[in-house]
Each structure stands twice: as structure tokens, then as C-alpha cells.
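Student: Residue numbers for the sequence shown follow the numbering used here, so the first one is 5 and each next one is one higher.
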Amino acid sequence: MLALEVRGVTKAYDKKVAVDAISLSVEPGEIFGLLGPNGAGKSSLLRMVMDILRPDAGEIRVLGHPISPAIKERVGYLPEERGLYQRQRVGDVLQFLGEIKGLPRHVALRRAESVLDRVDLLEAKQKRMRQLSKGMQQKVQIAAVLLSEPDLMILDEPFEGLDPVNRVLITDLMKERAAKGCAIVLSSHRMDQVEAMCRKVFLIDHGKEVLSGELRAIRERFADSAVLLECDRDVASRPEVERCTPEGAAVRLLLKPDAGPEKFLSSLLAEGASVRRFERALPSLDDIFVRVVKP
């Protein structure tokens, strides 16, 4: 049984098609990366999965069934926008959200304390939401998702507002849930996090699928123009270079499609450059994103 199956889903607002015949599937225990630029249709798609919006066409099945109130209780949803009660105490908010998910009061209270402890916020239990920083509020929202121990987690920008230490903490919690069979759909602008966590990705742009599949295969498909270079020249402004990113003592270059690595190396050597390292490199997800997303 698939954790999530989307078949030919389309959604339009007036004359603008926000999601255009999208199909994807997510396995139990999988961390699945949903990517795309701002306005690409990611949030609209996730809201349809959660039955907040209804598709104009297509079908969505969650945990093997059409979405229903009973199925939604097995899904944890983190929206991009914060929806916490700012005047209420952190512990009370989590307990309330747990009860909404169908947990008995004593279970909701116990789990609220447990998840606050897991996100290093147990000492904030009696604080009011408005007293917390942006990053702390984000962790409370993630704690709310974990409360019901869901079988599917839909996370829209979960790393927003988190510092590096807390990004590692939340990443570890996601991997722990996935290891227990929970499927996770991760929508994020942080390509490094997606690259580190996801085996499969799905990129949407202007409502349409741009590319999808296993991340390793996608990187290999785009590898021809990516190289690692160490030399005594500043190459960032050269016309053959589409993107230049420092990587240790080297730079990672994404070359333009008409500039092959061999041709580029030959031109450097012909100019008398001292090249200490030159090797093919799998492009980062950032590099691929820049190449395939249209302005």
C-alpha cells in the first residue's frame, strides 16, 4: 500500500492553472522531496492532499484510501504559515491539538511533554506562544505534527527559522519517524537538506512536473557539465561558467551546455593556468534547480 498516491491532479484559480495534471507516489518509510520555486504550485498540491482544497480533476489517495476525517487523523501536517494560538501556553496548545487528533486528554498531555522534550523545549511548556522566537515556534509546530505519531507527515518548509543546530535536531527526528515506517513529504527551499535526506525528489514549476525520480539518477543525468576545479585563476566570470560555488580548496563549476569539460580545461591550459585539480563532479541539487527552473 502506498502512503500517498496522486493521479493526474489539476487545480486552477480562475484562469491560472496552479497544478497541472500532477502524478506522484510515496512509499511508507520514504522521505520524499517536493521542490519548486515560489508560486510553482507546491503548497496548492499539499493543501489538496490535506483536503483543504479540492482538485478540479484527478484523484488523491492517502494511506490507500480517499481522504476522509478518519484518514486525516493519521496524517501530520505542517503548513508554511504558522497557525498557533499566540496568547495560550505552549503545553496547553499542544494538548489541545492532540485532543483534536482524537487522543484522550491524559495521552495528549503525556505526549505533549514527550515531544517538547524531544525538540528541546520542555522548559518552555508554561510560556505563552507569543513569548517564543520564530525558530522556537517552528519547533512547537513540528512537535504538534509528531504528537499523534502519524503514518504520513506533510511538511511545508519545516526548516524555516531554524538555526543549524536545530536543523540537525529536526532532521534526526524525521529520519527516526521514517525508520518506523512513517512516510514524509518534505517541501523545502533548502536544497542541501533535501539532498541529505531524500532518495527521491519531484520538481514542479509553473504547475507542471519538470523532473522526478531517484536523486542519484537525476544528478548523474546532469553530471556532464559539472566539474571540481583548483587552479590559480578566478574563473567565476568566464563566459563558459553558469555557476561557481566554493567547495573546500576547490570550486564547483556548473558549465553552460555548449561548454564541455574537456574544452574548458583545454582553454585554461592554453592560457597558461596552473591547474592542480580538475575532475567531473555530480552537480548539487541547487545546480540542477537553477538549470531546469524557468524564470
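We treat Cβ as the ideally placed atom computed from N, Cα and C, and that holds for glycine.
Between P32 and P83, what straight-line distance do the alpha-carbon atoms span, to the nearest angstrom?
Tutor: Working through the sequence shown from its first residue, we reach residue 32 at position 28. Working through the sequence shown from its first residue, we reach residue 83 at position 79. Near 21 Å, if we compare the C-alpha coordinates of P83 and P32.
Student: Once you ignore the five residues that flank A263 on each side, which residues in its own chain have a CB closer than 6 Å to its CB?
Tutor: Indexing the sequence shown from 1 puts residue 263 at position 259. Closer than 6 Å at the Cβ level, and outside the excluded window around A263, lie E244.
Student: Specify, as a first and last residue, the run of the alpha helix (DSSP H) that E224 falls within.
Tutor: For the purposes of this step, residue 224 is taken as residue 220 along the sequence shown, with counting starting at 1. Note, E224: alpha helix (DSSP H), 219-225.
Student: Given a cut-off of 8 Å on the beta-carbon distance, is the pair L219 and V239 in contact?
Tutor: Start at 1 with the first residue of the sequence shown, and residue 219 comes out as number 215. Start at 1 with the first residue of the sequence shown, and residue 239 comes out as number 235. No. Outside cutoff.
Student: Alpha carbon to alpha carbon, how far is L50 from K15?
Tutor: Stepping through the sequence shown from its first residue, residue 50 is reached at position 46. Stepping through the sequence shown from its first residue, residue 15 is reached at position 11. Distance between the alpha carbons of L50 and K15: 12 Å.
Student: With DSSP as the reference, label D291 as helix, strand or coil.
Tutor: Residue numbering aside, residue 291 sits at position 287 when the sequence shown is read from its first letter. Three-state DSSP puts D291 in a helix.
Student: Determine the direct distance from the alpha carbon of F293 to that of R194, and round the result to whole angstroms.
Tutor: Position 190 of the sequence shown, counted from the start, is the residue given in the question as residue 194. Position 289 of the sequence shown, counted from the start, is the residue given in the question as residue 293. Roughly 11 Å between the two C-alpha positions.
Student: Applying the 10 Å Cβ sphere with the 16-neighbour rule, what's the burial state of D124?
Tutor: Numbered from its first residue, the sequence shown carries residue 124 at position 120. Exposed is the call here.
Student: Using three-state DSSP, classify S118 as helix, strand or coil.
Tutor: Along the sequence shown, read from residue 1 onward, the residue named residue 118 stands at position 114. Three-state DSSP puts S118 in a helix.
Student: On the three-pair Cβ rule with 8 Å, is the stretch 207-224 touching the stretch 149-168?
Tutor: They do not touch, by the three-pair rule.
Student: Please check the pair I222 and V205, which I expect to be a contact at CB under 8 Å, by giving their CB distance rounded to whole angstroms.
Tutor: If you number the sequence shown from 1, residue 222 lands on position 218. If you number the sequence shown from 1, residue 205 lands on position 201. With 8 Å as the limit, I222 and V205 qualify as a contact, their Cβ atoms being about 7 Å apart.
Student: According to DSSP, is A74 helix, strand or coil?
Tutor: Locating residue 74 in the sequence shown gives position 70, counting from the first residue. Helix.
Student: Could you please give me the residues that DSSP links to A61 through a beta bridge?
Tutor: The count along the sequence shown starts at 1 and reaches residue 61 at position 57. A61 is bridged to T14.
Student: Below 8 Å on the Cβ atoms is my guess for G40 versus I208; work out the distance and round it to an integer in Å.
Tutor: What you label residue 40 is simply residue 36 of the sequence shown in a count that begins at 1. What you label residue 208 is simply residue 204 of the sequence shown in a count that begins at 1. Yes, they are in contact, since the Cβ atoms of G40 and I208 sit about 4 Å apart, within 8 Å.
Student: Which word fits A44, buried or exposed, when buried means at least 16 other C-beta atoms lie within 10 angstroms of its C-beta?
Tutor: As a working note, residue 44 is residue 40 in the sequence shown. It counts as buried.
Student: Just to confirm my understanding: we take R91, look at its own chain, exclude 5 residues before and 5 after, and list those with CB closer than 8 Å. What are they?
Tutor: The residue labelled residue 91 in the question sits at position 87 within the sequence shown. Only R132, M133, R134 meet the Cβ criterion.
Student: Taking buried to mean at least 16 other C-beta atoms within 10 Å of its own C-beta, is R115 buried or exposed?
Tutor: By one-based count along the sequence shown, residue 115 stands at place 111. Its Cβ being crowded by 16 or more others within 10 Å, R115 is buried.
Student: Per DSSP, which residues does H69 bridge with? Please list them.
Tutor: On the sequence shown, residue 69 is found 65 positions in, with the first residue counted as 1. Looking at the DSSP assignment, H69 forms a beta bridge with V66.
Student: Check each candidate in M5, V30, A147 and name the one with the smallest Cα separation from N170.
Tutor: Along the sequence shown, read from residue 1 onward, the residue named residue 170 stands at position 166. When each option's Cα is compared against that of N170, the closest is A147.
Student: Assign F282 to one of three DSSP states: helix, strand, or coil.
Tutor: Here residue 282 refers to the residue found at position 278 when the sequence shown is read from its first residue. Residue state, collapsed to three classes: strand.
Student: Sort D18, G37, L38, N42 by Cα distance to H317 and report the nearest one.
Tutor: The requested residue 317 is not part of the displayed model; the chain covers only 5 to 299.
Student: Once the 5 residues before and after P154 are set aside, which same chain residues still bring their CB inside 7 Å of it?
Tutor: Along the sequence shown, one-based indexing puts residue 154 at 150. Hits under 7 Å: R78, V79, G80, C186.
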